[in-house]
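J.: Structure in structure tokens, see below.
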Amino acid sequence: MDSDRYLRHSLIDWFSQDEVRAARIAVIGAGAVGNEVVKNLALLGVGAVDVHDFDRVEIHNLTRSIFLRESDIGASKAEAVVARARAVDPRVELNAIDGDFWRTLRLSSLARSSAAVCCVDNFEARLRLNQMCLVAGVDVVNTAIDSRFVTVETFPFAGDAIPACFECHLPHSAYQRIAERYSCGWLRKTAYAERKIPTTTITASIAGALAASAALRLGNARDHTARRIFFDTLRGVSTVTTLDRQSECAGCGTFARRPRVIAAGNDWVRRLSEATGIDAASSDSVLRLSDALITDYECASCGDTSGAASHVGRRAADFDDRITLCAACGMKAVRVGIREEFTAEALVARFDRVPPPVKYALADVGGAWICLDFEEEG
Amino acid sequence: MAEEVRLMVRTADQTRKAELTLGGASTGGEIIQAAVDNWALPADTDYTLVNTTTGRAVAPGESLAKSGVKPGDVLEVQPVLVAG
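As given, the protein sequences belong to chains A and B, one line each in that order. Note that my numbering gives residue 1464 to position 11 of the first sequence, counting from 1, and the numbers run on in steps of one. Note that my numbering gives residue 62 to position 41 of the second sequence, counting from 1, and the numbers run on in steps of one.
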């Protein structure tokens, strides 16, 4: 029966059903493009698809999302998409992960994927997935659309050399746009109004087709060049652009080679000491954390520090700018210290042997970077 | 100082085009900013620069000389899309 189902595929000389069946693809974002990517992967008979999304279905999603219905409104997007995609090909393993991938997707899980497809709607998530895939050595396909244009970028991190990453060609204005959404650099502004970008199923479906093909490396299994396809759906023309690595890139510029991932978990101090050859408890090695942490919390108006216990040592991303309102005097005057870089000694002093509440930390050990994976036990 | 090059700059929808002579030290970011200013492109969008003749992107901090731009090349200002 399987051979009948995939009969037409078997007639294509550059298409290997066995390779497609062996693939496991992580789809991040189950919106317009994510629906199309999952649809194409399921139709192609891929081995497994893990669909990540924290969002709920809204009625305006229904004009662009092939798997969503009015009865799904209010439900998890990831679960609704997976439930219907299962009917496309019951042989495909489909998993719904209802949550923010930054919280739910471990580096070790991502490393078991053949590729990740980024179908999110903001730069922050794109930067994070780009960094995770670079460290994990997993190809990432970045997709984005508006009402007319489509972008599908392939960053083949699974190869030996590090190619250009998503940040290599990201304009400075994109970082400024991200910064506008945050107070103190890290606290999300509650009053910030998100810009609504109109899209249609036309651009979403083209993005989904190109992305599924790129994720499975259909027809170009040995290509390790970072590329961008830019498609104009009104004129029906596209440009294919090679993306060269940039030595000053904020995302990958410091890495000569991919960081070596060390499962660190609760044994992180010993693992770090082994990797550096120095007792971590007294080491001035700098660790760059995957998430910024709150280090200080004091009201500049009344000097109250009673909120420090519930804020210091936690991830800045867990809060928004309302925490600058002092509980004692009512003034919006709390000074919140936030950092993402610490010496190993400072981290040990703050957290003892317990891992800090972040995904991972990067450290330069004599020019060779290591990645301490705090979510995975050694 | 790097040599000047005469080339074409256009928007992705090709509604705006200009033949320009630019210094080789001009960066991708500077050319994008000039395009946004002179053509009143939407300021709430980010842009990237692509040399469609060679098929290579010109990074924001990269000079035309370093990126290997030649006289007659066509540079396209493409929007950086973010919706999904």
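Ideal placement from N, C-alpha and C gives every residue a C-beta, glycine not left out. Computed from a predicted structure; not experimentally measured.
1) Using a Cβ-Cβ cut-off of 8 angstroms, state whether GLU1701/A counts as contacting chain B.
2) Of the choices ASP1749/A, PHE1554/A, ILE1519/A, whose alpha-carbon is the least far from that of HIS1505/A?
3) Spell out whether any CB of chain A is found under 8 angstroms from the CB atom of GLU97/B.
4) Shorter than 8 angstroms from the beta carbon of ARG77/B to some beta carbon of chain A?
5) Apart from the five residues just before and just after VAL1510/A, which ones in its own chain have a Cβ nearer than 7 angstroms to its Cβ?
6) If I follow the unbroken alpha helix (DSSP H) through ASP1457/A, where does it start and stop?
7) Just grab the DSSP bridge partners of GLN1584/A for me.
8) Check whether the region 1766-1780 of chain A and the region 1734-1753 of chain A touch, using three or more Cβ-Cβ pairs below 8 angstroms as the test.
9) Classify GLU1798/A as helix, strand or coil using the three-state DSSP reduction.
10) Quick check: is the beta carbon of GLY1831/A nearer than 8 angstroms to any beta carbon in chain B?
11) Check whether chain A comes within 8 angstroms of MET22/B, counting only Cβ atoms and requiring the distance to be less than that.
12) Using the rule of at least 16 other Cβ atoms within 10 Å of the residue's Cβ for burial, across every protein chain shown, is GLY76/B buried or exposed?
13) Check whether the Cβ atoms of VAL1491/A and ALA1538/A lie closer than 8 angstroms to each other.
14) Suppose you measure from the CA of ARG1461/A to the CA of GLU1472/A; what does that come to, to the nearest Å?
15) In three-state DSSP terms, what is HIS1677/A?
16) Look up PHE1619/A in the DSSP assignment and say whether it is helix, strand or coil.
17) By the criterion of Cβ-Cβ separation under 7 angstroms, what are the contact partners of ALA80/B in chain A?
18) When Cβ atoms are compared, which residues of the region 40-53 of chain B fall closer than 8 angstroms to chain A?
19) Apart from the five residues on each side of it in sequence, which residues of its chain come closer than 6 angstroms, Cβ to Cβ, to CYS1755/A?
20) Please identify the residue among GLU1647/A, ARG1741/A, SER1759/A whose C-alpha is closest to the C-alpha of ASP1749/A.
21) Could you have a look at MET22/B and say whether DSSP puts it in helix, strand or coil?
22) Taking 8 angstroms as the CB-CB limit, is ALA33/B close to chain A?
23) What residues in the region 1583-1612 of chain A have a beta carbon less than 7 angstroms from any beta carbon of chain B?
24) To the nearest angstrom, report how far apart SER1736/A and THR1707/A are at their CA atoms.
25) Under 8 angstroms between C-beta atoms, does GLY1672/A make it to chain B?
26) Relative to the C-alpha of ALA1662/A, which residue among THR1604/A, TYR1645/A, THR1652/A is closest?
27) Quick one, are the C-beta atoms of VAL30/B and ALA56/B less than 8 angstroms apart?
28) By alpha-carbon positions, which one of LEU1825/A, GLY1482/A, ARG1581/A, LEU1671/A ends up nearest to PRO1809/A?
29) Output, in chain order, the set of chain B residues within a Cβ distance shorter than 7 angstroms of ASN1575/A.
30) GLN1470/A to PHE1608/A, Cα distance in whole Å?
31) What three-state label does DSSP hand ALA1501/A in the structure shown?
32) Cα separation between TRP1913/A and SER1562/A?
33) Measure from the C-beta of THR1654/A to each C-beta in chain B and report whether the shortest distance is under 8 angstroms.
34) For the region 1751-1771 of chain A, list every residue whose C-beta sits within 7 angstroms of some C-beta in chain B, in sequence order.
T.: Judging by the given coordinates:
1) Locating residue 1701/A in the first sequence gives position 248, where the first residue counts as 1. At least one chain B Cβ lies under 8 angstroms of GLU1701/A.
2) Against the first sequence, residue 1505/A aligns to sequence position 52. Closest by alpha carbon: PHE1554/A.
3) Residue mapping note: residue 97/B aligns to position 76 of the second sequence, counting from 1. So yes, GLU97/B belongs to the interface.
4) Within the second sequence, the letter at position 56 stands for residue 77/B. For ARG77/B, the answer is yes, since a Cβ of chain A falls inside 8 angstroms of its Cβ.
5) Here residue 1510/A is taken as the residue at index 57 of the first sequence, counted from 1. Around VAL1510/A: LEU1521, ASP1525, ILE1526, GLY1527, ALA1528, LYS1530, ALA1533.
6) Position 4 of the first sequence, counted from the start, is the residue given in the question as residue 1457/A. 1455-1458 is the span of the alpha helix (DSSP H), which, as asked, contains ASP1457/A.
7) Within the first sequence, residue 1584/A is the residue found at index 131, counting from 1. For GLN1584/A, which the question treats as bridged, DSSP gives no partner whatsoever.
8) yes
9) Here residue 1798/A corresponds to residue number 345 of the first sequence, with the count starting at 1. Of the three classes helix, strand and coil, the one that applies to GLU1798/A here is helix, per DSSP.
10) Here residue 1831/A refers to the residue found at position 378 when the first sequence is read from its first residue. It does not: the Cβ of GLY1831/A has no partner Cβ on chain B nearer than 8 angstroms.
11) Sequence index remark: in the second sequence, residue 22/B carries index 1 (1-based). In this predicted model, MET22/B has a pLDDT of only 49, less than 50, meaning its place in the structure is not dependable enough to derive any value.
12) The residue you call residue 76/B lines up with position 55 of the second sequence. Under this definition GLY76/B is an exposed residue.
13) Numbered from 1 along the first sequence, position 38 holds the residue referred to as residue 1491/A. Numbered from 1 along the first sequence, position 85 holds the residue referred to as residue 1538/A. Closer than 8 angstroms, so yes.
14) Indexing the first sequence from 1 puts residue 1461/A at position 8. Indexing the first sequence from 1 puts residue 1472/A at position 19. Computed Cα separation, rounded: 16 angstroms.
15) Mapped onto the first sequence, residue 1677/A falls at position 224. Correct three-state label for HIS1677/A: coil.
16) As a first step, residue 1619/A must be located in the first sequence, where it is residue number 166. Of the three classes helix, strand and coil, the one that applies to PHE1619/A here is helix, per DSSP.
17) Against the second sequence, residue 80/B aligns to sequence position 59. Within chain A, the residues near ALA80/B are CYS1621, HIS1622, GLN1699.
18) GLY50, ILE53
19) On the first sequence, residue 1755/A is found 302 positions in, with the first residue counted as 1. The answer, listed in chain order, is ALA1781, CYS1782.
20) As a position in the first sequence, residue 1749/A is number 296, starting the count at 1. It is SER1759/A whose Cα lies nearest to the Cα of ASP1749/A.
21) The residue labelled residue 22/B in the question sits at position 1 within the second sequence. The pLDDT assigned to MET22/B is 49, lower than 50, so where the model puts this residue is not dependable; a value taken from the coordinates is nonetheless given after this. In the structure shown, MET22/B sits in coil (DSSP, three-state: anything other than H, G, I, E or B).
22) For the purposes of this step, residue 33/B is identified with residue 12 of the second sequence, where counting begins at 1. Cβ-Cβ to chain A under 8 angstroms: yes for ALA33/B.
23) THR1596, ALA1597, ILE1598, ASP1599, PHE1602, THR1604
24) Along the first sequence, read from residue 1 onward, the residue named residue 1736/A stands at position 283. Along the first sequence, read from residue 1 onward, the residue named residue 1707/A stands at position 254. Their Cα atoms are separated by approximately 21 angstroms.
25) As a working mapping, residue 1672/A is identified with position 219 in the first sequence. No, GLY1672/A does not count as interfacial toward chain B.
26) Within the first sequence, residue 1662/A is the residue found at index 209, counting from 1. Minimum Cα distance to ALA1662/A is reached at THR1604/A.
27) To locate residue 30/B, count along the second sequence from 1; it is residue 9. To locate residue 56/B, count along the second sequence from 1; it is residue 35. In contact: VAL30/B and ALA56/B (Cβ atoms closer than 8 angstroms).
28) Your numbering for residue 1809/A matches position 356 in the first sequence. If we check each option's Cα against that of PRO1809/A, LEU1825/A comes out closest.
29) By one-based count along the first sequence, residue 1575/A stands at place 122. Correct list: VAL103.
30) Here residue 1470/A refers to the residue found at position 17 of the first sequence. Here residue 1608/A refers to the residue found at position 155 of the first sequence. C-alpha separation (whole angstroms): 23 angstroms.
31) By one-based count along the first sequence, residue 1501/A stands at place 48. Reduced to three states, the DSSP call for ALA1501/A is strand.
32) Residue 1913/A lies beyond the stretch modelled for chain A, which goes from 1454 to 1831, so this question has no answer here.
33) Within the first sequence, numbered from 1, the residue matching residue 1654/A stands at position 201. With 8 angstroms as the cut-off, THR1654/A does not count as an interface residue toward chain B.
34) none
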